[in-house]
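Engineer:
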Amino acid sequence: MPGQRTALLTAGICSVTLRQLPIASVVASARRAGLDGIEWGTDTHLKRDADARAASLLCRSRGLRVLSLGSYYRLGDVTGFDAVLSRARAAGAPRIRVWAGGKGSSEASRDDWSAVVRDAQRISDLAEVAGIQIALEYHGRTLTDSTISTLRLLDRIGRQNVRTYWQPPVGMDDRSALASFLALGPFVAGVHCFSWRPATERRPLADRLGLWQSVASAASELGRQLDFMLEFVADDSHRNVLSDAATLNRILSAASSAAQCGQ
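Position in the sequence shown counted from 1, then plus 3, gives you the working numbering.
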């Protein structure tokens, strides 16, 4: 049953995976799939604080958690975070996903880096007052486009409530993707789960079963709560949500059981 999982690894979904559905249908889909919670996106579902309150209420009534607010705030923009923070508080979200600027780490200037760092420190201090964590999107064309640049950015920001998300970099082979997770593991706040190959072609999650089993096994050894959130299912279909959710639940249950046996 959703909401009853005792393992440290929890299974969820990003609402943008079902962006074509209204809030109530996303909740129903997550519940039917046996997931634990939802990362709510601000681009489609939580456009207003009223939407956030409605989503939070529906989640609680169906035994689901609000895992995160998936915002599109870009560090360095300076304006707009107050509204994002208000939305997160209305939703009862423990984390806010933000983007590390709008340039890749190799093309960003010293001033670009400084602007992102200053803004990250500013918003993390605001979020901390509300008991909310900041999570950087691990993504190309931002300052978190590689393991090295992400670690560098986190070090420069220097805030305990700033962490990073992780997802398999586009086009990266399984061994290299796992290595990137292992390097970032102590700083990972959540994982976006999908299987793209060879580039951005959407495949069933089971198509990269070995990768996800290895990531889940490594995550279970961290000894703390970590949310695995489905994203980008093939054809954006509810049927594929059910299939990928079943795969994810099996992977996380196996990893958690193995970790408990090893204690």
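Ideal Cβ positions, reconstructed from N, Cα and C, are used throughout, including at glycine.
(1) Of the choices 94, 251 and 181, whose alpha-carbon is the least far from that of residue 72?
(2) Whether or not the stretch 57-67 and the stretch 101-113 are in contact is what I'm after, with contact meaning three or more pairs of Cβ atoms, one per stretch, closer than 8 Å; do they touch?
(3) Here's a check: name, in chain order, each residue in its chain whose Cβ is nearer than 8 Å to the Cβ of residue 20, leaving out the five neighbours to either side.
(4) Anyone know if the C-beta pair for residue 155 and residue 190 falls short of 8 Å?
(5) Is the beta carbon of residue 160 less than 8 Å from the beta carbon of residue 124?
(6) Short check: CB of residue 100 to CB of residue 168, under 8 Å?
(7) Output yes or no for whether 8 Å exceeds the beta carbon distance between residue 192 and residue 98.
(8) Thinking C-alpha only, which one of 210, 139, 181 and 18 is nearest residue 221?
(9) Answer with buried or exposed for residue 250, where buried requires no fewer than 16 other C-beta atoms within 10 angstroms of its C-beta.
(10) State buried or exposed for residue 44, treating a residue as buried only when at least 16 other CB atoms are found within 10 Å of its CB.
(11) Do residue 70 and residue 26 have their C-beta atoms within less than 8 Å of each other?
(12) With which residues is residue 168 paired in a DSSP beta bridge?
(13) Only counting the same chain, and skipping five residues up and downstream in sequence, which positions put a Cβ closer than 6 Å to that of residue 130?
(14) Would you tell me roughly how many angstroms separate the C-alpha atoms of residue 50 and residue 17, rounded to the nearest one?
(15) Could you pull the DSSP bridge partners for residue 19 from this structure?
(16) Skipping 5 residues on each side, what residues in its chain have a beta carbon closer than 8 Å to that of residue 23?
(17) According to DSSP, residue 235 sits in a beta bridge with which residue or residues?
Structural biologist: Per the coordinate set shown:
(1) Here the question's residue 72 lines up with position 69 in the sequence shown. Comparing Cα positions, the closest option is 94.
(2) no
(3) Translated into positions along the sequence shown, residue 20 becomes position 17. 233, 234, 235, 236, 239 and 244.
(4) To locate residue 155, count along the sequence shown from 1; it is residue 152. To locate residue 190, count along the sequence shown from 1; it is residue 187. Their beta carbons are not under 8 Å apart, which means residue 155 does not touch residue 190 by this criterion.
(5) Numbered from its first residue, the sequence shown carries residue 160 at position 157. Numbered from its first residue, the sequence shown carries residue 124 at position 121. Against a cut-off of 8 Å, the Cβ pair of residue 124 and residue 160 comes out as a contact.
(6) As a first step, residue 100 must be located in the sequence shown, where it is residue number 97. As a first step, residue 168 must be located in the sequence shown, where it is residue number 165. Contact: yes.
(7) One-based indexing of the sequence shown puts residue 192 at position 189. One-based indexing of the sequence shown puts residue 98 at position 95. Taking 8 Å as the Cβ cut-off, residue 192 and residue 98 qualify as a contacting pair.
(8) The residue labelled residue 221 in the question sits at position 218 within the sequence shown. Here the closest residue by C-alpha is 181.
(9) By one-based count along the sequence shown, residue 250 stands at place 247. Buried, because 16 or more other Cβ atoms sit within 10 Å of the Cβ of residue 250.
(10) Position 41 of the sequence shown, counted from the start, is the residue given in the question as residue 44. The residue is buried, with at least 16 neighbouring Cβ atoms inside 10 Å.
(11) Indexing the sequence shown from 1 puts residue 70 at position 67. Indexing the sequence shown from 1 puts residue 26 at position 23. No; because the gap between Cβ atoms is not below 8 Å, this pair is not in contact.
(12) The residue given as residue 168 occupies position 165 in the sequence shown. In the DSSP output, where bridge partners are listed per residue, residue 168 has 193.
(13) On the sequence shown, residue 130 is found 127 positions in, with the first residue counted as 1. Correct list, in chain order: 137.
(14) One-based indexing of the sequence shown puts residue 50 at position 47. One-based indexing of the sequence shown puts residue 17 at position 14. Approximately 15 Å, taken between the alpha carbons.
(15) Your numbering for residue 19 matches position 16 in the sequence shown. In the DSSP output, where bridge partners are listed per residue, residue 19 has none listed.
(16) Translated into positions along the sequence shown, residue 23 becomes position 20. Correct list, in chain order: 239.
(17) Residue mapping note: residue 235 aligns to position 232 of the sequence shown, counting from 1. DSSP output for residue 235 lists no bridge partner at all.
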